[in-house]
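Visitor: All residue numbers for the sequence shown refer to our numbering, where the first residue is 46 and numbers rise by one.
Think of the CB as a built atom: it goes at the ideal place given N, C-alpha and C, for glycine as much as any other residue.
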Amino acid sequence: MKKFYDQYKHAIPLIIYGIIYLTWFTYLEKHVTRPANLIHMSLDDVIPFCEFFVVPYFLWFFYVSAVVVYFFFKDKQDYFRSCVFLFTGMTIFLIISTLWPNGHHLRPAVMPRDNIFTRLVAFLYHTDTPTNLWPSIHVYNSLGTHFAVIRNEKLRKNPAVHTASLILCVSIILSTMFIKQHSVFDVLTAFIMAAVMYIVVYGMDIVTIWQNHRYEVRARKQIRQV
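1) Within its chain, find whatever has a CB closer than 7 Å to the CB of residue 180; leave out the 5 residues flanking it on each side and keep chain order.
2) Please tell me whether, using a cut-off of 7 Å, the distance from the CB of residue 149 to the nearest non-hydrogen atom of the ligand ATP is below it.
3) Please report the Cβ distance between residue 40 and residue 182, rounded to the nearest whole angstrom; I am assuming they are in contact, meaning their Cβ atoms lie under 8 Å.
4) Quick one: Cα of residue 76 to Cα of residue 147, how far?
5) Please name the residue in 141, 98, 111 whose C-alpha comes closest to that of residue 80.
6) According to the neighbour-count rule (16 or more other Cβ atoms, all chains shown, within 10 Å of its Cβ), is residue 213 buried or exposed?
7) Return the CA-CA distance between residue 120 and residue 70, expressed in angstroms with no decimal places.
8) Need the endpoints of the alpha helix (DSSP H) that residue 191 sits in, please.
9) By DSSP, does residue 147 sit in helix, in strand, or in coil?
10) Taking contact to mean at least 3 C-beta pairs separated by less than 8 Å, is the segment 188 to 200 in contact with the segment 169 to 180?
11) In angstroms with no decimal places, state the Cα-to-Cα distance between residue 224 and residue 94.
12) Hey, residue 96 and residue 166: beta-carbon distance below 8 Å or not?
13) Hey, how far is the Cα of residue 104 from the Cα of residue 216?
14) Determine the direct distance from the alpha carbon of residue 110 to that of residue 85, and round the result to whole angstroms.
15) Using DSSP's beta-bridge definition, name the partner residues of residue 82.
16) Quick one: grab the DSSP three-state call for residue 45.
17) Would you please state the rounded distance, in angstroms, between the beta carbons of residue 127 and residue 189? I believe it to be under 8 Å.
18) So what's residue 153 in DSSP terms, helix, strand or just coil?
19) Taking the alpha-carbon positions, what's the residue 102 to residue 184 distance?
20) Would the beta-carbon of residue 246 fall within 8 Å of that of residue 100?
21) Between which two residues does the alpha helix (DSSP H) harbouring residue 93 extend?
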C-alpha cells in the first residue's frame, strides 16, 4: 500500500483541485444566471454560426485530460508543470466569474438548421449557460495543453503528435467562437493569460525552482538532525 501511495501520490493535488473547481463552478452556474456584465465585440457579429465546430469543442475534454494523464504516468515533472499552468488559469477564471459575473447574448435564438450537429449544440446550450465566460478556459487550457506537448522531451521528437496537437488546439479555439460559446474578447484575453503563464511555467520554470527549494529545505533539516 505504501509503495502504491509513493508511486501515485502526485495525483492528490489533481483530485483535490478537481473537487474544488467543480464545486465552485457548479455554484456559479446555478447562481449567476443573469449577469450584469455582458461581453461583446463587433467581430462577434461577423463570425457566422457553424455547428460543425461542436465536434472539436467536445474533443477538448479528451484532449486536455489525455495529455494530463499521459504526463501523470510518463513524466512527473511535466505533469506538475501542466497542473500549475491549468490550475492557475482556472482559478483566475473562477475568481473573475465570482467578482465580475459575466455573460453574452451571442447564441442564436433558433437553430438555422436541423442536423446532428445542431442537436449537439442545443444539448450544449441546455447544459452550459451563457455565463461565466471570461476568459475562455476552453482556449486557455487548449493552449496550455499544446504547450505541454511541444515542450516535453519525448513528445517533441514526434512531429505527428505536434501536428495533431496543433490542429486540435486551433480547431478547439475556433470552435468557441463559431458555435457562439465565447466572444472574441474571451479568446483574446485567454491568449494573453496563456502567454504570461507560459513565461512563468516554461520560461522561469517555476516548478523546478520550487522543487529545488524543497530539496534544499530537506537537506538542511537532515544536516541539523545529524
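Guide: The answer reads as follows:
1) As a first step, residue 180 is located in the sequence shown; it is residue number 135 there, counting from the start. Cβ within range, chain order: 138, 231, 234, 235, 238.
2) The ligand ATP is absent from the structure shown, which contains no ligands of any kind.
3) Because the chain is modelled from 46 through 271, residue 40 falls outside the range shown and cannot be assessed.
4) Here residue 76 corresponds to residue number 31 of the sequence shown, with the count starting at 1. Here residue 147 corresponds to residue number 102 of the sequence shown, with the count starting at 1. Whole-angstrom Cα-Cα distance: 12 Å.
5) Along the sequence shown, read from residue 1 onward, the residue named residue 80 stands at position 35. The shortest Cα separation from residue 80 among 141, 98, 111 belongs to 141.
6) Mapped onto the sequence shown, residue 213 falls at position 168. Burial call: buried.
7) Position 75 of the sequence shown, counted from the first residue, corresponds to residue 120. Position 25 of the sequence shown, counted from the first residue, corresponds to residue 70. Those two C-alpha atoms are separated by around 29 Å.
8) On the sequence shown, position 146 is the one that residue 191 refers to. Counting along the chain, the alpha helix (DSSP H) containing residue 191 begins and ends at 182 to 196.
9) Residue numbering aside, residue 147 sits at position 102 when the sequence shown is read from its first letter. Here residue 147 sits in strand by DSSP.
10) no
11) The residue you call residue 224 lines up with position 179 of the sequence shown. The residue you call residue 94 lines up with position 49 of the sequence shown. In a straight line, the C-alpha of residue 224 is about 6 Å away from that of residue 94.
12) Within the sequence shown, residue 96 is the residue found at index 51, counting from 1. Within the sequence shown, residue 166 is the residue found at index 121, counting from 1. The answer is yes: Cβ separation under 8 Å.
13) Counting from 1 along the sequence shown, the entry for residue 104 is found at position 59. Counting from 1 along the sequence shown, the entry for residue 216 is found at position 171. Going by the C-alpha atoms only, they are around 10 Å apart.
14) Here residue 85 refers to the residue found at position 40 when the sequence shown is read from its first residue. Here residue 110 refers to the residue found at position 65 when the sequence shown is read from its first residue. Each residue's alpha carbon lies about 30 Å from the other.
15) Position 37 of the sequence shown holds residue 82. 147.
16) Nothing can be reported for residue 45, as the shown portion of the chain is limited to 46 through 271.
17) Within the sequence shown, numbered from 1, the residue matching residue 127 stands at position 82. Within the sequence shown, numbered from 1, the residue matching residue 189 stands at position 144. So it is a contact: roughly 7 Å between Cβ atoms.
18) In the sequence shown, residue 153 corresponds to position 108, counting from 1. Three-state DSSP puts residue 153 in coil, outside helix and strand.
19) In the sequence shown, counting from the first residue as 1, residue 102 sits at position 57. In the sequence shown, counting from the first residue as 1, residue 184 sits at position 139. When rounded, the distance between both Cα atoms is 10 Å.
20) Position 201 of the sequence shown, counted from the first residue, corresponds to residue 246. Position 55 of the sequence shown, counted from the first residue, corresponds to residue 100. It is not a contact, given that the beta carbons lie outside the stated cut-off.
21) The residue labelled residue 93 in the question sits at position 48 within the sequence shown. That residue, residue 93, is in no alpha helix (DSSP H); it is neither H nor E in DSSP.
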